[in-house]
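Trainee:
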Amino acid sequence: MILIGENIHIISKVVSEAVRNRDTAAIQALAKAQAEAGADYLDLNMGPARKDPEELGAWLVQTVQEVTDIAISLDTMNPVAMEAGLKLCRKRPLLNSASGKADSKTGMMPLAPKYNTQIIISVITDRGCPPDVDSRVESIMDTVAYANGLGIKNEDIWVDPIILPVSADQKQVREALEFMKILPDLLPGVKSVVGLSNVSNGTPAPLRGILNRTYMLMLERNGLYSAIADVLDPELVELNKGGMPEVRELIGHIMEGETVNAGDLDEKGRSYVKTARVLLGETLYSHAWLES
Amino acid sequence: MEYTAPLETYSGSVKEVVIGKGDRSVKVGGENILPLHYFEGKAANRPKIALEIDDNGAAGWSEWVLEPYKDVVADPVKWALKCLDLGADLICLRLESTDPQGANVPAEIAAALVKKVAAEVQTALVVYGCGDDKKDAEVLAAVAAACSGENLLIGPAVKENYEPLAKAVAEHGHCIIAQTPIDINLEKELNVKLLKQLPPERIVIDPLSSALGYGMEYSFTIMERTKQVGVIHGDFAMQIPIIADLGGECWKTNQARAGREQGILWEGITAMSLLLAGANLLVLRHPNNCRMIKEAIDGKL
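Respectively, the protein sequence lines represent chains R and X. Quick note, the first sequence lines up with residues 1 to 292 if you use my numbering. Quick note, the second sequence lines up with residues 1001 to 1301 if you use my numbering.
Put into structure tokens, the structure is as follows:
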């Protein structure tokens, strides 16, 4: 699976300070660390980029490209910052992201054909995030059709089903899994992508990794193509390279509804099994899900 | 051919919690059915009603709910006896006077009072602290020690103080009230943590009860889901009886304080709703509602 490094993100305090002070070294250190960890793309999240969007977009892309030649996923809802950054990308970038919202369709989406980028398109519309599989299908069909009309080919579209935190809405976690399964039949040729760590938003920090990793394997099993993820989690990268096949196999059993005898497993195996059951909605989530 | 109606049955059952000792003990929980679905399976115990008293002379109580008790509120022992006369299955004593924002009565005085009530009133006792987590940890630990072996139901244990409280409760042979702020995930988390210190037969869930018009439907949903998760889906950490501590919540609303009939109805409707949602133990203030809810439980309404 393609991994997009998430760690240059404006919500991080280190990053927001670095961006405010135009601290080249701090950003470059994060870029290098993720490159060495094995990221296939680097996500550069600028958030709304209200102040000096044009200068910021350009600065961030240049700063990162000085130390790595990994392709960039440029992440902002500000079309001015987006365009300024896209202009400078040396490798074919990923525009992150557009949606079915009216202003996104008119302000953001046309930048993809203009700069020959690939583009993430989410299921969000002006009505918000669709609550179930059917409404996700409805919204993405509409939005992709609109993108096709702008000359964007399915092959260049990475569909984002929108991952919500398991601590907030367990049902949505399962809906996204189901959506992933049917996506190739709906829109042949499109790729898919998720903001993986969002599944563990709201969960205490030491417990986030196992949620992210388990969900990654589950989504991958249902066909996920790529994830914006914490590539600085070595276990996540190892799993993505095909490491720990026994964990992958266990999660497969759980997803197929087969019985797994917890007594036969080691601590790690039990943790992955418990986590998969929570993500499937079979067990009610609590922050103490690994302890029961 | 004779028609037999299909019956839903479930794999999970709620643990039975015993409060009090000997022949004055009260049992709650022990059902493998959804609330009041007696036709579906076994319910070892019908829901129970506690009438509430406090150690602060009913300060702040609405005049309408004070009427039946006005001669006895200064003396918790007399007040408790009166509540039993009026039909309560057990008594809920709230240590309102220990509130640091109020009289801030020290732990040992509160503990001595609970001991006195437990000794002089032959009843099972629920003891609620004032709701300040630090003060409660101190007061309720002292209560647990002073009443060692009385098997009180003591709370609220919250995220901030459950560890020392559960330790005191375990050590002195009581049961604990696990309280979380109307959130099913936090409720489960606290149960999981408490289950490391106490068996499920010594825990009762307080998911927080809101009054009609003040978010009662949230309390309803959480109670309903707790039963579904525990009884239908067999989640061990959720197979624990529920206490609905609703009397005080109802009687502090302007609507309840506006008049006798409306006040009694406000509490009665809230109680009836939370009974349907799955409460195993209801804490009420007005004796009319104690009678009414008992009739409802027995199918006589």
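We treat Cβ as the ideally placed atom computed from N, Cα and C, and that holds for glycine. These figures come from a predicted structure and were not determined experimentally.
1) Jot down the residue ranges of each uninterrupted alpha helix (DSSP H) in the segment 46-91 of chain R, minimum 4 residues, whole runs only, in chain order.
2) Measuring alpha carbon to alpha carbon, tell me which residue in X:G1259, X:R1046, X:K1082, X:D1133 is nearest X:P1100.
3) Note down, in chain order, every chain R residue with its Cβ under 8 angstroms from the Cβ of X:N1185.
4) Assign X:I1184 to one of three DSSP states: helix, strand, or coil.
5) Which same chain residues, not among the five before or five after R:L186, have their C-beta less than 8 angstroms away from its C-beta?
6) Excluding the 5 residues preceding and the 5 following X:A1170 in the sequence, name in chain order all residues of the same chain whose CB lies nearer than 8 angstroms to its CB.
7) Is the Cβ of X:K1015 closer than 8 angstroms to any Cβ of chain R?
8) Which residues, in chain order, does the segment 1231-1252 of chain X contribute to contact with chain R at a C-beta distance below 9 angstroms?
9) Thinking X:L1282 and X:P1047 are a contact (beta carbons under 8 angstroms), I'd like their distance in whole angstroms, please.
10) Closer than 8 angstroms, CB to CB, is X:K1227 near chain R or not?
11) To test your reading of the DSSP string, which unbroken beta strand (DSSP E) runs of 3 or more residues are found completely within the segment 92-134 of chain R?
12) Using beta-carbon positions only, say whether X:L1113 and X:P1156 come within less than 8 angstroms of one another.
13) For X:Q1208, which option in X:I1232, X:I1243, X:H1233 has the closest C-alpha, if you only look at C-alpha atoms?
14) Checking contacts by CB at 8 angstroms: is R:E291 closer than that to chain X?
15) Going straight from the alpha carbon of X:N1151 to that of X:M1001, what length do you get?
16) Can you list, in chain order, the stretches of the beta strand (DSSP E) that have 3 or more residues and sit fully within the segment 1040-1075 of chain X?
17) Under 7 angstroms from any heavy atom of the ligand SAM, does the C-beta of R:G38 make it?
18) Going by CA-CA distance only, name the one from X:G1247, X:K1015, X:A1005, X:A1256 that's closest to X:K1227.
19) If you measure between the beta carbons of X:N1161 and X:A1137, is that distance less than 8 angstroms?
20) Would X:E1217 pass as an interface residue toward chain R - the criterion being a Cβ-Cβ separation below 8 angstroms?
21) Do X:C1175 and X:V1017 have their beta-carbon atoms positioned less than 8 angstroms apart in this structure?
22) Which of the three DSSP states, helix, strand or coil, is assigned to X:Q1179?
23) Let me know if R:D43 comes out buried or exposed under the rule of 16 or more other beta-carbons within 10 Å of its beta-carbon.
24) Give the single residue among X:K1188, X:A1142, X:V1117 whose Cα lies nearest to the Cα of X:F1020.
25) According to DSSP, what are the bridge partners of X:I1242?
26) Tell me whether X:C1083 sits in a helix, a strand or coil according to DSSP, three-state version.
27) Answer yes or no: does any C-beta atom of chain R fall closer than 8 angstroms to that of X:K1116?
28) Can you name the start and end residues of the beta strand (DSSP E) that X:C1092 belongs to?
29) How about R:Q170 and R:G281: do their beta carbons lie closer than 8 angstroms?
30) For a quick check, are the C-beta atoms of R:D40 and R:I4 less than 8 angstroms apart?
31) How far does the alpha helix (DSSP H) with R:Y215 in it extend, from its first residue to its last?
32) Of all the alpha helix (DSSP H) runs that stay within the bounds of the segment 1104-1160 of chain X, which reach a length of 4 or more residues?
33) I'd like to know whether the C-beta of X:K1193 is nearer than 8 angstroms to at least one C-beta of chain R.
34) For R:M255 and R:M216, which I take to be in contact (beta-carbon distance under 8 angstroms), what is that distance rounded to the nearest angstrom?
35) Expressed to the nearest angstrom, what Euclidean distance is found between the alpha-carbon atoms of R:E6 and R:V19?
36) So for R:A229, helix, strand or coil by DSSP?
Mentor: Per the coordinate set shown:
1) Secondary structure within the segment 46-91 of chain R: the alpha helix (DSSP H) runs of 4 or more consecutive residues, fully enclosed, are 53-65, 79-86 (chain order).
2) The count along the second sequence starts at 1 and reaches residue 1100 of chain X at position 100. Taking only the C-alpha atoms, the option nearest X:P1100 is X:D1133.
3) On the second sequence, residue 1185 of chain X is found 185 positions in, with the first residue counted as 1. What X:N1185 touches in chain R: S167, L284, Y285, S286, H287.
4) Here residue 1184 of chain X corresponds to residue number 184 of the second sequence, with the count starting at 1. The three-state reading of DSSP puts X:I1184 in helix, counting H, G and I together.
5) As a working mapping, residue 186 of chain R is identified with position 186 in the first sequence. Spatial neighbours of R:L186 in its own chain (CB-CB distance under 8 angstroms, excluding positions within 5 residues in sequence) are listed in chain order as V137, I140, M141.
6) Taking the second sequence and counting its residues from 1, one reaches residue 1170 of chain X at position 170. Excluding residues within five positions, the ones whose Cβ falls inside 8 angstroms are Q1197, L1198, R1202.
7) If you number the second sequence from 1, residue 1015 of chain X lands on position 15. So, not an interface residue.
8) Hits within the stretch, in order: H1233, D1235, F1236, A1237, M1238.
9) If you number the second sequence from 1, residue 1282 of chain X lands on position 282. If you number the second sequence from 1, residue 1047 of chain X lands on position 47. That belief holds up - the Cβ atoms of X:L1282 and X:P1047 are roughly 7 angstroms apart, short of 8 angstroms.
10) Sequence index remark: in the second sequence, residue 1227 of chain X carries index 227 (1-based). With 8 angstroms as the cut-off, X:K1227 does not count as an interface residue toward chain R.
11) Listed in chain order, they are 94-100, 118-125.
12) Looking up residue 1113 of chain X in the second sequence gives position 113. Looking up residue 1156 of chain X in the second sequence gives position 156. Going by C-beta atoms, X:L1113 is not nearer than 8 angstroms to X:P1156.
13) Sequence index remark: in the second sequence, residue 1208 of chain X carries index 208 (1-based). Checking the displayed sequence, the identity of residue 1208 of chain X turns out to be Leu instead of Gln. X:L1208 has its Cα closest to that of X:I1243, out of X:I1232, X:I1243, X:H1233.
14) The residue labelled residue 291 of chain R in the question sits at position 291 within the first sequence. Closer than 8 angstroms: yes.
15) Here residue 1151 of chain X refers to the residue found at position 151 of the second sequence. Here residue 1001 of chain X refers to the residue found at position 1 of the second sequence. Roughly 53 angstroms between the two C-alpha positions.
16) As far as the segment 1040-1075 of chain X is concerned, its whole beta strand (DSSP E) runs of at least 3 residues are 1048-1054.
17) Among the components of this structure there are no ligands whatsoever, and the ligand SAM is therefore not found.
18) Working through the second sequence from its first residue, we reach residue 1227 of chain X at position 227. Considering only alpha carbons, the answer is X:K1015.
19) One-based indexing of the second sequence puts residue 1161 of chain X at position 161. One-based indexing of the second sequence puts residue 1137 of chain X at position 137. With respect to X:A1137, X:N1161 sits close: the two C-beta atoms are nearer than 8 angstroms.
20) On the second sequence, position 217 is the one that residue 1217 of chain X refers to. Not an interface residue.
21) Along the second sequence, one-based indexing puts residue 1017 of chain X at 17. Along the second sequence, one-based indexing puts residue 1175 of chain X at 175. At the C-beta level, X:V1017 and X:C1175 come within 8 angstroms of one another.
22) Numbered from its first residue, the second sequence carries residue 1179 of chain X at position 179. The answer is strand: DSSP assigns X:Q1179 an E or B state.
23) The residue you call residue 43 of chain R lines up with position 43 of the first sequence. Counting of Cβ neighbours within 10 angstroms places R:D43 among the buried residues, the total reaching 16 or more.
24) By one-based count along the second sequence, residue 1020 of chain X stands at place 20. Per the sequence shown, the amino acid found at residue 1020 of chain X is Gly instead of Phe. Nearest of X:K1188, X:A1142, X:V1117 to X:G1020, Cα basis: X:V1117.
25) If you number the second sequence from 1, residue 1242 of chain X lands on position 242. X:I1205.
26) As a first step, residue 1083 of chain X is located in the second sequence; it is residue number 83 there, counting from the start. Looking at X:C1083 - three-state DSSP - the assignment turns out to be helix.
27) Taking the first residue of the second sequence as position 1, residue 1116 of chain X is located at position 116. With 8 angstroms as the cut-off, X:K1116 does not count as an interface residue toward chain R.
28) Within the second sequence, the letter at position 92 stands for residue 1092 of chain X. Here the beta strand (DSSP E) through X:C1092 covers 1090-1094.
29) For the purposes of this step, residue 170 of chain R is taken as the residue at position 170 of the first sequence. For the purposes of this step, residue 281 of chain R is taken as the residue at position 281 of the first sequence. Yes. Within cutoff.
30) Your numbering for residue 40 of chain R matches position 40 in the first sequence. Your numbering for residue 4 of chain R matches position 4 in the first sequence. Yes; because the gap between Cβ atoms is below 8 angstroms, this pair is in contact.
31) To locate residue 215 of chain R, count along the first sequence from 1; it is residue 215. Taken as a continuous stretch (DSSP letters only), the alpha helix (DSSP H) holding R:Y215 covers 208-221.
32) Counting only runs of at least 4 residues, the segment 1104-1160 of chain X fully encloses the following alpha helix (DSSP H) elements, listed from N- to C-terminal order: 1107-1120, 1133-1146.
33) Residue numbering aside, residue 1193 of chain X sits at position 193 when the second sequence is read from its first letter. For X:K1193, a Cβ of chain R is located within less than 8 angstroms of the residue's own Cβ.
34) What you label residue 255 of chain R is simply residue 255 of the first sequence in a count that begins at 1. What you label residue 216 of chain R is simply residue 216 of the first sequence in a count that begins at 1. Going by Cβ atoms, the distance from R:M255 to R:M216 rounds to 13 angstroms, so no, they are not a contact pair.
35) Taking the first residue of the first sequence as position 1, residue 6 of chain R is located at position 6. Taking the first residue of the first sequence as position 1, residue 19 of chain R is located at position 19. Cα-Cα distance, rounded: 15 angstroms.
36) Start at 1 with the first residue of the first sequence, and residue 229 of chain R comes out as number 229. R:A229 falls in the strand class under three-state DSSP.
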